Structures are given as C-alpha cells and as structure tokens.
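The next block holds one structure in the form of structure tokens; read it before the comments.
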Amino acid sequence: MAPNALITGWGMYAPSRILTNDDLSRMVDTSDEWIVSRTGIRERRVAADGETTTSLSVNAARDALAVAGLDPAELDLVIVATCSPDYPLPATSVTVATALGATRAAGFDLQAACSGFLYGLATGASFIGSGMYRNVLVIGVEILSRFLDWTDRNTCVLFGDGAGAVLLQASDQPGGLLGFDLFSDGTGYEGIIVPAGGTVEPASASTSAEGKHFIHMLGREVYKYATRQLAESAVAALRKSGLTVDDVDQFVFHQANLRIIEHVQRQLGIPEQKTYINIERYGNTSAASVPMALAEAVAAGRIQPGDNLLMVAFGAGYTAGAAVVEWTADPQRAFLAPGEQTRLGQPQQQLGEQAAPEPAAVG
Ligand code: UT7
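Quick note: the sequence shown uses this note's numbering, first residue 681, plus one each step.
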C-alpha cells in the first residue's frame, strides 16, 4: 500500500517589525477605519533590512524540524512556495536547504502565488505517496514588502511578510493528507500582477521609473473571483476526501480579506468558531498565510489528533488550492521540541511607530 503523508512538524516565523494601520495612514491617504472595515487587517509584519526570503524560511523550518525531532540531514526534499524569492535565479529552496544542513535533499521553488503552499503540500504528498521520498519539507514564505509601491494605497495596506513550514513524513499510520483540489485559470492573469522583470517586459530603467516591478491589483475583480473559487475548491477537496463540510473540525483559509472568509463561511454554512483567523495581525502574507495560520491554530489548541482540517487558498493567476488533512500529531510537541525553544506562542516585540518604513527605503 502507498504510504500516507503525515504532517509531523510545523513552524512559523513573523518578522518582529510591526507596521500598524495608523503608521500607514501617515504614508498614504488611508485610515485605520477603512482598512479594518474593508479587510480586517490591523497590522502587518515587515522584514528588517538584513532579512531575506531564505532567512525567514529557515526560521520557520527549524521549528518544524524541531517539533518533528528530525535531523535536517534526513530531509529528502525542500519545496519553497513563494512569489518573492531571494533572486529570480537560483531557487531559494537550495539556499534554504544548505542553511538548514539538509545536505542530501533535493530542492525547488514553486510559484502559485497565494495558493503556493497548497500546491507545495500536494506536490510533497505525491512524492511521498509514490514512494520516492519519505521526508519532505514544505515552506510558504513571502517578503512582499519589497514588491509593494508604498505610495499605492490600493495594495500597500494589504500585504505582509512571514513564513510557515510543515514537515511531511511517510507513514503506514492512517490519516494525514486525505485529498486535494488544485485549480488555475489564466484568463485572470492581470488581476494581480508584477508587470515587469520577466520576459514580457524585461527590467529596464523605464520599467523601474514606471513602477512596473511592484504588485498591481484589480481588487474588486479578484474579490469576486476569490469568494466563488474558494468555496468551489473547498467543496472539491472534501468530495475527493469522501467528507462533507460538517465533517471538518477546523478550517484554515488564506488570510487575504476577512470579508472574503466570512462570505465563504456563510456560503458553506461553516460555524464561526471552526475558522482560525489571524489576518488582523499579519495582513495577507500570500503563500505564507495558510502555514502561519495552521501553526498558530495548532499552538492555540484548535487542532487535536483525529480532527479533520481543511486548508484553502486563492491567489494570482488565478490559482486556488485546497487540502483535507486528518491531524495525527500531538499538538503539545510544539512546546516540547528537544534542544530548541520554539517561537510559537511567544509574544512578538511591538516596535510601534518606529516600525513605519520610509517609502523610499522599502519601495
Ligand atoms: O491574496 C490574493 C487574493 N487577493 C485578494 O483576495 C484581494 C481581493 N480584494 C479585496 O480584498 C478588496 O477588493 C480590497 C480590500 C482590495 C478593496 O476593497 P473594496 O471594498 O473592494 O474597495 P474598492 O476597491 O471597491 O474601493 C472602494 C474605494 C475606492 O474609492 P472610489 O473609487 O470609490 O472613490 C478606492 O479608491 O476605496 C478606495 N480605496 C481606499 N481608501 C482608503 C482603495 N484603497 C484604499 C485605502 N484607503 N487603502
């Protein structure tokens, strides 16, 4: 029988620098009231100058490995889902693996925007199900603050930086990843786009002057598509797992907009207490949002062995992904990891107004 892919380790990392809505209201024409009522976001994290996509990934991954008690040298594969890599070339997964001491692991990056972590989970689980690998690290990570136009209120208030990681391990024990649904529709490719820096418009002085290396978004179109597709992807993944909405104990949605999450909750008849929300503290961290929320939900005691968990995300492309997991790990392991003090549950430092980046410095 094909081995099951169990989640045996989990971790997250959020940069300590906090940017509040009030900080933003001193940078662009916006207000705390507008941002909270339209999105649910109150603050977000911004990576410090020396932090990179690799360093955020490594912090989250070390926790995931410590929770599972796995030596990094035992890793077979490191998948990094991100749309804000260290470089266009080489892949961030390779520097992450080296920094972790994953000396015999293969590594590649995966780009499916905000859905990237779900694509990564499906990919990692397939490698395990095929028998090719036994220990796969899946990381969702972003430093979108470096791709934002800090003078564009349509985008700069929405996104944040962070990383989340899970370790998938092959096991004969039942449970783990039960079913997936992956979706893409390129007719919406302009909905969320960084127009320059690729083959269509290579980087040049004029693309830079026109701000084409920043994220541009058609918010309303994305909103409408997201509400419909998140529900469809969730239902499709449940169908493939032989479960219904009522069988799910905990939902972990991509944290893009609280109104989108509440809309999908109503559409599917999901009780509020079954959904983990942290958008108010991190904003939209794209590929990092689902694994960060998962790690926090476990630390908060929201997910217990035997529970069914549904994770679902939607993003640029458009793409969407959903996964159903029967949780098998002891959630207390996050606090018992030998040798390493996990960051989960530790209060983050509030840096207040000093944290507001100068537009020129971050843009
Ligand atoms: O993670 C990938 C998926 N991404 C998403 O799911 C994002 C989906 N979209 C959204 O979440 C929402 O569309 C937004 C939060 C981006 C915008 O909310 P909205 O309720 O759709 O607002 P809107 O775009 O319809 O804009 C309403 C007004 C506009 O003014 P006018 O044209 O009506 O005068 C905007 O210019 O709000 C204005 N506006 C702002 N006002 C204050 C836009 N951004 C801001 C802002 N502060 N930051």
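Glycine is no exception: its CB is placed at the ideal position from the N, C-alpha and C atoms.
Bear in mind that the values here come from a model prediction, so they are computed numbers and not experimental data.
| Item | Value |
| --- | --- |
| Give, in chain order, every unbroken run of the beta strand (DSSP E) that is at least 3 residues long and sits entirely within the segment 809–895. | 815–823, 841–851, 856–864 |
| Does DSSP classify Thr719 as helix, strand or coil? | helix |
| Indicate the three-state DSSP secondary structure (helix, strand or coil) for Thr999 in the structure shown. | strand |
| Taking the straight line between their C-alpha atoms, what separation do you get for Asn964 and Gly809? | 31 Å |
| Measuring from the CB of Trp714, is there a heavy atom of ligand 1 at a distance below 8 Å? | yes |
| For the segment 881–899 against the segment 916–930, do three or more pairs of beta-carbon atoms, one drawn from each stretch, fall closer than 8 Å, so that the two count as touching? | no |
| Helix, strand or coil: which one does DSSP assign to Trp1007? | coil |
| Under the criterion of a Cβ to heavy atom distance below 8 Å, does Asp709 qualify as lining ligand 1? | yes |
| Taking all protein chains shown into account, do 16 or more other C-beta atoms lie within 10 angstroms of the C-beta of Ala694, making it buried, or fewer, making it exposed? | buried |
| Can you have a look at Asp926 and say buried or exposed, based on whether 16 or more other CB atoms are within 10 angstroms of its CB? | exposed |
| Does the segment 737–751 come close enough to the segment 810–817 to have 3 or more Cβ pairs within less than 8 Å? | yes |
| Are the CB atoms of Phe657 and Leu824 nearer to each other than 9 Å? | Past the boundaries of the shown model lies residue 657; the chain is included only from 681 to 1043, so the question cannot be answered. |
| Could you name the residues that DSSP lists as bridge partners for Gln930? | Leu989 |
| Can you give me the start and stop residues for the beta strand (DSSP E) that Asn684 sits inside? | 684–693 |
| Going by alpha carbons, who is nearest to Arg736 out of Gly842, Ala802, Arg706? | It is worth fixing the name first, because residue 736 is Leu in this sequence and not Arg. Minimum Cα distance to Leu736 is reached at Gly842. |
| Is Phe931 a contact residue of ligand 1, with contact defined as CB to any heavy atom under 8 Å? | no |
| By a C-beta neighbour count over all protein chains shown, 10 Å radius and 16 as the cutoff for buried, is Glu822 buried or exposed? | buried |
| Which value, in whole angstroms, describes the spacing of the CA atoms of Ala761 and Ser711? | 32 Å |
| Which stretch, first to last residue, makes up the alpha helix (DSSP H) that contains Thr775? | 772–780 |
| Kindly indicate which residue of Met991, Met972, Gly804 has the alpha-carbon position closest to the one of Leu910. | Met991 |
| Can you give me the Cβ contacts of Ala777 inside the same chain, cut-off strictly under 6 Å, excluding the 5 residues immediately before and after it? | Val758, Ala785, Gly787 |
| With respect to 8 Å, is the separation between the Cβ of Asn684 and the closest non-hydrogen atom of ligand 1 below this value? | no |
| Do Leu974 and Tyr956 come within 9 Å of each other at the CB atom, strictly closer than that value? | yes |
| What does DSSP give as the partner residue(s) for Arg725 in the beta ladder? | Ile698 |
| Please tell me whether, using a cut-off of 8 Å, the distance from the CB of Val902 to the nearest non-hydrogen atom of ligand 3 is below it. | This structure lacks ligand 3; the ligands present are ligand 1. |
| Going by the C-beta, is Gly1083 closer than 8 Å to any heavy atom of ligand 1? | Residue 1083 is absent from the structure shown; the chain starts at 681 and stops at 1043. |
| Determine the closest residue to Lys892 out of Val880, Val902, Val928, with distance taken between C-alpha atoms. | Val880 |
| When you compare only the Cα positions, how much space is there between Thr732 and Leu862? | 28 Å |
| For the putative contact between Val970 and Phe797, defined by C-beta atoms under 8 Å, what is the C-beta separation to the nearest angstrom? | 5 Å |
| Say whether the segment 995–1003 touches the segment 845–856, bearing in mind that this needs 3 or more beta-carbon pairs closer than 8 Å, one atom from each stretch. | no |
| Indicate the three-state DSSP secondary structure (helix, strand or coil) for Ile759 in the structure shown. | strand |
| Take the Cβ of Thr697 as the centre, count every other Cβ of all protein chains shown within 10 Å, and call the residue buried at 16 or more, exposed below. | It is worth fixing the name first, because residue 697 is Arg in this sequence and not Thr. Under this definition Arg697 is a buried residue. |
| Starting from Thr955, follow its DSSP beta bridges and name the residues at the other end. | Phe931 |
| Give me the Cα-Cα distance between Glu1020 and Pro1011, rounded to the nearest whole angstrom. | Note that Glu1020 scores a pLDDT of 46, beneath 50, so its modelled location is shaky and nothing firm can be said. |
| Beta carbon of Gly796: closer than 8 Å to some heavy atom of ligand 1? | no |
| Under a three-way DSSP split, which group does Met897 fall into? | strand |
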